[in-house]
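For the sequence shown, position 45 matches number 47 in the working numbering, and the numbering has no gaps at all. Even for Gly, the Cβ is constructed at its ideal location relative to N, Cα and C. One structure is given below, encoded as C-alpha cells.
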Amino acid sequence: MTSVHPLVGPVSRLASPAAAQRSYLESIGTAPSADELALEFDDLRHRFGDFGAEAGVLIGRIDALLDAMSGPNPVWRVDALATAPQWAELRVLAAELLPMLDDPPAD
C-alpha cells in the first residue's frame, strides 16, 4: 500500500480553483483571511523535506512566491483568490508539483 505524501493536501488546495479555496477557508473558519492556505503548505514543507530535485525546485518557487506575497497585503483576503495574479501563478506551480508528490522518486 502506498502512503500519501503529507504535502498532497496543502498542495492540492493551493492548486484548486479560487471558489474551492474560498469554500475550504470558509469551512475551516479562517475566511475572510486566505493565509491558511500558505500556512498549511509552509508548516508541512519544513517537516517533510524528502523531495526529488524537480519537486524541490517547484517547492522553492512556491515558497519564494509566498514569501514575496507576505506582509499586510490585500492578496491575503479570500476575494483576492480569484483576482490576484499571484494566486493564479501559485495554482499553476502547485498543479505542476502535485503529480510529483503522488509519485515520489525511487530510492
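For this session: Taking V59 as the reference, give the member of A20, L100, P74, W78 with the closest Cα.
Result: What you label residue 59 is simply residue 57 of the sequence shown in a count that begins at 1. Comparing Cα positions, the closest option is L100.
For this session: Report the three-state DSSP secondary structure of S14 (helix, strand or coil).
Result: Reading the sequence shown from its first residue, position 12 is the one you call residue 14. The answer is helix: DSSP assigns S14 an H, G or I state.
Exercise. Who are R79's beta bridge partners in DSSP?
Worked result: Against the sequence shown, residue 79 aligns to sequence position 77. Per DSSP, S35.
Problem set entry | Same chain only: Cβ atoms within 7 Å of W78, ignoring 5 sequence neighbours per side | On the sequence shown, residue 78 is found 76 positions in, with the first residue counted as 1. Result list for W78: S35, A36, D37, in chain order.
For this session: Quick one: grab the DSSP three-state call for I61.
Result: The residue given as residue 61 occupies position 59 in the sequence shown. Helix.
For this session: Pick helix, strand or coil for P19, following the three-state DSSP scheme.
Result: On the sequence shown, position 17 is the one that residue 19 refers to. It is coil, neither helix nor strand.
Exercise. Ordered along the chain, which non-local residues of its own chain (more than five positions away) have a Cβ less than 6 Å from that of A96?
Worked result: By 1-based counting over the sequence shown, the position of residue 96 is 94. Excluding sequence neighbours, A96 sits near V13, L16, A17.
Exercise. With a Cβ-Cβ cutoff of 8 Å, do A33 and L68 count as a contact?
Worked result: By one-based count along the sequence shown, residue 33 stands at place 31. By one-based count along the sequence shown, residue 68 stands at place 66. No; because the gap between Cβ atoms is not below 8 Å, this pair is not in contact.
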